[in-house]
Each structure stands twice: as structure tokens, then as C-alpha cells.
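Participant:
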Amino acid sequence: MSEEPIVMTCYRHPNRETLLRCNQCEKPICLDCAVSTPTGYRCKQCISKQQKRFNHSMTSDYLVAAAITAPLAALGTFLLYHVQIFPFVLSTLLGIGMGTLIVRLVRAATHRRRSQRLNQVTGAAAILGGLAPIAQYMISFLRAIFAAQYGMLWSNTLSVLWGVLYVTVLYGTILSNMKGFSIQRY
Numbered sequence: 443m444s445e446e447p448i449v450m451t452c453y454r455h456p457n458r459e460t461l462l463r464c465n466q467c468e469k470p471i472c473l474d475c476a477v478s479t480p481t482g483y484r485c486k487q488c489i490s491k492q493q494k495r496f497n498h499s500m501t502s503d504y505l506v507a508a509a510i511t512a513p514l515a516a517l518g519t520f521l522l523y524h525v526q527i528f529p530f531v532l533s534t535l536l537g538i539g540m541g542t543l544i545v546r547l548v549r550a551a552t553h554r555r556r557s558q559r560l561n562q563v564t565g566a567a568a569i570l571g572g573l574a575p576i577a578q579y580m581i582s583f584l585r586a587i588f589a590a591q592y593g594m595l596w597s598n599t600l601s602v603l604w605g606v607l608y609v610t611v612l613y614g615t616i617l618s619n620m621k622g623f624s625i626q627r628y
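Numbers in my numbering are just positions in the sequence shown, counted from 1, shifted up by 442.
#1: So is the beta-carbon of isoleucine 489 under 7 Å away from any non-hydrogen atom of the ligand MN?
#2: Is the region 589-597 touching the region 535-555, taking contact as three or more C-beta pairs under 8 Å?
#3: In whole angstroms, give me the CA-to-CA distance for proline 513 and valine 545.
#4: Could you compute how far the alpha carbon of leucine 547 sits from the alpha carbon of alanine 566?
#5: Are the CB atoms of aspartate 474 and arginine 555 nearer to each other than 8 Å?
#6: Determine, using beta-carbon pairs with one atom in the region 526-538 and one in the region 468-482, whether at least three such pairs fall under 8 Å.
#7: Let me see if you follow: with CB-CB separation under 8 Å, is glycine 605 close to chain D or not?
#8: Where does cysteine 464 fall in DSSP's three states?
#9: Are the CB atoms of isoleucine 616 and threonine 552 within a distance shorter than 8 Å?
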């Protein structure tokens, strides 16, 4: 005598039969409602509850992160344009160094609270702060185009490119470190 499996229906879609259960709350779930995790399938409600435990930044954290990030990003751009030694190497190293410094300061100032929005605010402040000093070169670049001053066009193009490279590396460093992973050498 063989026992037939008990047929259940999804808790969100009562017209769908399923054999799956959430491994957290034991609710029956269909394949559309199931989220695969390393420990098995979970329902979307349990996933969102788990996510809320890890995302716990406060409103003041966004202001603190922006207040730390924007001036430091602008300082990095300022240093890039005033040192002018090996600009490709300097913009890359400065982006990594300032990004790491910003992440450490933001983490300390926000008492290690975290959320996706905090990462986004920190990244946006890095872009705005880093691009602000580049604006003068962008304006000079546009003037050179309209005035057909091709000598000025080349120098302004390089200045803008080094600044954009710095901001790109800075942004990537901040986001990778804020999310908790980084490229490390072993």
C-alpha cells in the first residue's frame, strides 16, 4: 500500500497545487512564491522579515553619510588636479584610498548601521562631491568646442577624463565596501 502525498495549495495562490513548504514558517508555497536560499526554499514574507533585520539605518545616518562623503570626494578631486603626477595612476589610487577612508568613516559615524538606501546615499554623495570640482573643466571643454579652440579642447578632455576615472573608481570602491565585500589579495 502506497501513501499518496498530501496535496497542498499555495498560501498566496489557492488554485495552485504544490509540494513545497517554506523552511522557515512551513507555509505551502508554489514555485512563483518560492525563493531559493542556501538552506532551502522560503516564502517572500520570511525573506523580507530577514532582510529587515539587517537593514536598520536611521534617517540621520543618511545626512551623516552625505556630510562625510561629499567633502572628502571633492577633496580627492582637488588633490588629483593639483598634484598632476601620473594622473591615470593617481586617479585610480586616490579613488581606492578615498573610497576606503570614506567607508570607514561612514561606518564609524553611523555605528555600523546599514541599509541599501544608506549605500545609495553614500554613493550618490561621492558622485556629486567628486564631480563638483570637475565642473570648471567641463565648462571649459564646452567653450573650447564652440570656440573651435582645439588646443584647449585636448587639455580639458584629459582633465575631465581623469576626474571621471577618479569618481568611477571612488564610487565602485565605496559600493563594494559598503555592501560588505571587497577584492582582496591572498
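Don't be surprised by glycine CBs; every beta carbon is placed ideally from N, CA and C. Because the structure is a prediction, the values reported are computed rather than measured.
Facilitator: This is what the structure holds:
#1: With respect to the ligand MN, the structure offers nothing, as it holds no ligand at all.
#2: The region 589-597, when compared against the region 535-555, does not touch it at the 8 Å Cβ threshold.
#3: Rounded to whole angstroms, proline 513 to valine 545 spans 13 Å at the Cα level.
#4: Taking the straight line from one Cα to the other gives about 16 Å.
#5: Result no, Cβ atoms of aspartate 474 and arginine 555 do not sit closer than 8 Å.
#6: Contact between the region 526-538 and the region 468-482 is absent, because fewer than three Cβ pairs lie under 8 Å.
#7: Of the protein chains in this structure there is only one, and it is not chain D.
#8: Three-state result, cysteine 464: coil.
#9: No; because the gap between Cβ atoms is not below 8 Å, this pair is not in contact.
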